[in-house]
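Residue numbers (the working numbering): 8 to 495.
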């Protein structure tokens, strides 16, 4: 063979080798990346080629599947009482992707999870069609419906937790949306999606997990816990050294109170009538760093709280000055919290100082209903001792029985709570947020439910009538009643 032919042969050989290397690289190295790219339409077609498994509440599916006409996608997702449950399920749309449980547990629901490999293999031999597994939640349907009904047309959210385990019993956000309205890929689905996406009411936002608000006076229970834990006060009925008027440290600014009787008031009395001065004074005496320590034990400044949907981090500022810390100690300044976070605070207090990690999925099942993963309750932290938690409980019971939380009373049940009316906006000119946190004690002395309610805005309610006790407490009461009734 002459030299020109040898060169051509060598060059062709190199081209063949390069082609083989590239083919193997695509098939074995990049296979997973390519197969999961959103541009790969075959993956999407396969995803909707079979019925999805279901999301389960109290033994009943709140999701389903329906055949899609005139589309490459055979099935689309359906939802029962979609607006009620969308803060839990999220959505699964042929055109717009998926969120929350529908996204995080997609492998189980589609049947593609490696833990379902055996079921898929058996199906190949038996001829059974591929099936998805199920996601079984911790939600209490009665509590969910009570919260949704009581919030009604108001903008707001509710989070309810079983303090003993951390199981989430209710997760509501209003105004809500029906995921069925855009589960397909038709023009009607696109229109519904655009309307929701552009809605001024932010219906697609899960306010219980993904919005933070100034917690207002509900945060005073955290400050009370910090004051007790760090030895600033010992007895909840002992007078404090709070002057009237109280001047924010390092300033000449007087901090106003909504009630008289706050001068030298005890923690118990100060929480009952919600004295700003007493708790600002306590926050200053605890010091910023110790306030941060206590707040973080309750879950603040943690951006990895997954239930398994990730919640936004609630904030207690680590770098503010003394005046900012005093204001933050009453739930203002830079302090911000999700409803889930304030439910966690309440749950820890109700559970004698032990904060359990919140969770929303009890277990996952294979198509044949075999359990493939079971959640076990986990302790998250100890924000305060059992003795101090019981002192704060006593103070919160006093708020309901003799103070601003009377609208949360339940006959023959011990209820503890705290109201909050949080100012916000430039110069505090916007309509305030109404908060209420509470827990109910069961017959065995433990609490089966802790609740946090926030109402952003209530149309038709005069500004001066917006209060945690007036607007949010009845919602919390309804949720607590529903849980107690379902358990007993």
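No residue lacks a Cβ here, since even glycine has one placed at the ideal position from N, Cα and C.
Put simply, the segment 362 to 378 does not touch the segment 188 to 196. Fewer than three CB pairs are less than 8 Å apart. Going by beta carbons, residue 346 and residue 214 fall inside the 8 Å limit. Ranked by how close their Cα comes to the Cα of residue 478, the residues 219, 494, 164 and 369 have 164 in first place.
By the C-beta density criterion, residue 310 is exposed, having fewer than 16 other C-beta atoms within 10 angstroms.
In this structure, DSSP gives residue 381 an extended state, which the three-state scheme calls strand. By the neighbour-count criterion, in which 16 or more other beta carbons inside 10 Å mark a residue as buried, residue 122 falls on the exposed side. If you look at residue 387, you'll find it in the beta strand (DSSP E) that goes 386 to 388. For residue 208, same chain residues with a beta-carbon under 6 Å away, outside a window of 5 residues either side, are 182 in chain order. The C-beta distance from residue 256 to residue 333 rounds to 6 Å, short enough to fall under 8 Å. Residue state for residue 221 is assigned as coil, using DSSP reduced to three classes.
Contact annotation: the segment 144 to 154 does not touch the segment 384 to 392, with fewer than three C-beta pairs closer than 8 Å. Shown here, residue 179 sits in a strand according to DSSP, grouped into three states.
Setting aside the 5 residues that flank it on each side, residue 60 is surrounded in the same chain by 116, 139, 140 and 141, each with a C-beta closer than 6 Å to its C-beta; the list follows chain order.
Excluding its 5 nearest sequence neighbours in each direction, residue 295 has C-beta neighbours in its own chain below 6 Å: 332, listed in chain order. Residue 483 places its beta carbon less than 8 Å from that of residue 424.
Taking a contact as a CB-CB distance under 8 Å, the pair residue 278 and residue 241 does not count as one, their CB atoms being some 16 Å apart. Distance from the CA of residue 368 to the CA of residue 65, rounded to the nearest whole angstrom, comes to 12 Å. Looking only at 299, 328, 315 and 329, the smallest Cα-Cα distance to residue 321 is reached by 299.
Residue state for residue 392 is assigned as coil, using DSSP reduced to three classes. If you draw a straight line from the Cα of residue 489 to the Cα of residue 445, it comes to about 14 Å. Rounded to the nearest angstrom, the Cβ distance from residue 230 to residue 354 is 18 Å, too far for a contact under 8 Å. DSSP places residue 23 in the uninterrupted alpha helix (DSSP H) bounded by 10 to 31.
In the DSSP assignment, the residues bridged to residue 444 are 425 and 459. Take the alpha-carbon of residue 301 and the one of residue 90: they are about 36 Å apart.
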